[in-house]
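Below is one structure, written out as structure tokens; the observations come after it.
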Amino acid sequence: MVLLKGFVKPEDQIGMVSMCRQLGKGLGGFYRPSLKNGAKLNLWMMSLGKNWDPTARSYGPTRPFDGAAAPTIPDAFKMIAQTANSTASEFPQINPDICIVNYYTNSGKLGLHQDKDESESSLTKCLPFITISIGDTAEFLFGDTRDKDQATKINLESGDVLILGGESRLLFHGVSHVKTNTAPSWLKEETGIRPGRINLTFRQYKLGTNPYDGDHRELL
1 MVLLKGFVKP
11 EDQIGMVSMC
21 RQLGKGLGGF
31 YRPSLKNGAK
41 LNLWMMSLGK
51 NWDPTARSYG
61 PTRPFDGAAA
71 PTIPDAFKMI
81 AQTANSTASE
91 FPQINPDICI
101 VNYYTNSGKL
111 GLHQDKDESE
121 SSLTKCLPFI
131 TISIGDTAEF
141 LFGDTRDKDQ
151 ATKINLESGD
161 VLILGGESRL
171 LFHGVSHVKT
181 NTAPSWLKEE
191 TGIRPGRINL
201 TFRQYKLGTN
211 PYDGDHRELL
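Each residue of the sequence shown is one higher than the last, beginning at 1 in full-length UniProt numbering.
Structural data, given as structure tokens:
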């Protein structure tokens, strides 16, 4: 696991907030997802590239509840994620074909879980996932089990990038809470961002450049 503190430049954070707001209002934008038991998650979600269905725990081109296609991942988002990825040279470089955007209000949280629903080829190679934090600070938990009392806690601040790959790829992780009024003042002034936190997580569903072509070439 690699934490890059303050990696995303202020101007890029401002641009990401603007783009998330624009995409979030459109077709395939933000909604509050449910789990298989019907419980609502304590966050708002938008899938880019491919849709993530938390009920079925699977990826697909459209959302089952409204048929909306997942919007395309902006090139600027990919560039920031891949630049961070190359900085953490101990992990393979990915070509993100999925970006999950979560918006947490100050009461938002996410229980400990593993990210293990990508393809077998992606998981076998332990391809990393890359997460970018913007807005208020979140207390992030991670550990080898789902026991939150045993989990390690770190703060993820606006502009931080966290990368989990290799041996850390299947760590349990989650968000215990969001800390009120901790976003940078310049971010609030420039964007009018509401209290809370935006989290963008980038993944590569399978090896190869096209997520649908079954191409299993080695990564460059």
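Even glycine gets a Cβ: it sits at the ideal position worked out from N, Cα and C. Keep in mind it's a predicted model, so treat the numbers as computed, not measured.
Boundaries of the beta strand (DSSP E) around residue 139: 138-143. Counting along the chain, residue 199 sits inside the beta strand (DSSP E) bounded by residues 197-203.
Across the set 7, 70, 22 and 172, the C-alpha of 7 shows the shortest separation from the C-alpha of residue 81. Residue state for residue 153 is assigned as strand, using DSSP reduced to three classes. Secondary structure of residue 80 (DSSP, three-state): helix. In chain order, 104, 135, 136, 138 and 178 place their CB closer than 6 Å to the CB of residue 197, counting only its own chain and leaving out the 5 sequence neighbours on each side. For residue 109, same chain residues with a beta-carbon under 7 Å away, outside a window of 5 residues either side, are 42, 175, 176 and 177 in chain order. Excluding the 5 residues flanking it on each side, residue 161 has same chain C-beta neighbours closer than 6 Å at 4, 7, 84 and 132, in chain order. By the 16-neighbour rule on beta-carbons within 10 angstroms, residue 191 is buried. A residue is called buried once 16 or more other Cβ atoms fall within 10 Å of its Cβ, and residue 51 is buried on that count.
When rounded, the separation of the alpha-carbon atoms in residue 163 and residue 1 is 6 Å. Pairing residue 34 with residue 59, the inter-Cα distance amounts to about 15 Å. Judged by DSSP secondary structure, residue 162 falls within the beta strand (DSSP E) whose first and last residues are 161-164.
Distance between residue 202 and residue 76, taken at the CA atoms: about 13 Å. In the structure shown, the three-state DSSP call for residue 132 is strand. The beta carbon of residue 86 sits closer than 7 Å to the beta carbons of 93 from its chain, once the five residues preceding and following it are set aside; these are given in chain order.
It is roughly 14 Å from the alpha-carbon of residue 187 to the alpha-carbon of residue 21.
Counting only the Cα atoms, residue 91 lies some 17 Å from residue 79.
Residue 151 and residue 142 have their alpha carbons spaced roughly 5 Å apart. Counted as a single uninterrupted DSSP element, the stretch harbouring residue 12 is not any beta strand (DSSP E) but the alpha helix (DSSP H) occupying residues 10-25. Taking a 10 Å sphere around the C-beta of residue 63, we find 16 or more other C-beta atoms and assign the residue as buried. The C-beta distance from residue 95 to residue 13 rounds to 23 Å, too long to meet the 8 Å contact threshold. Excluding residues up to 5 positions away in sequence, 24, 29, 30 and 101 lie with their Cβ nearer than 6 Å to the Cβ of residue 46 in the same chain.
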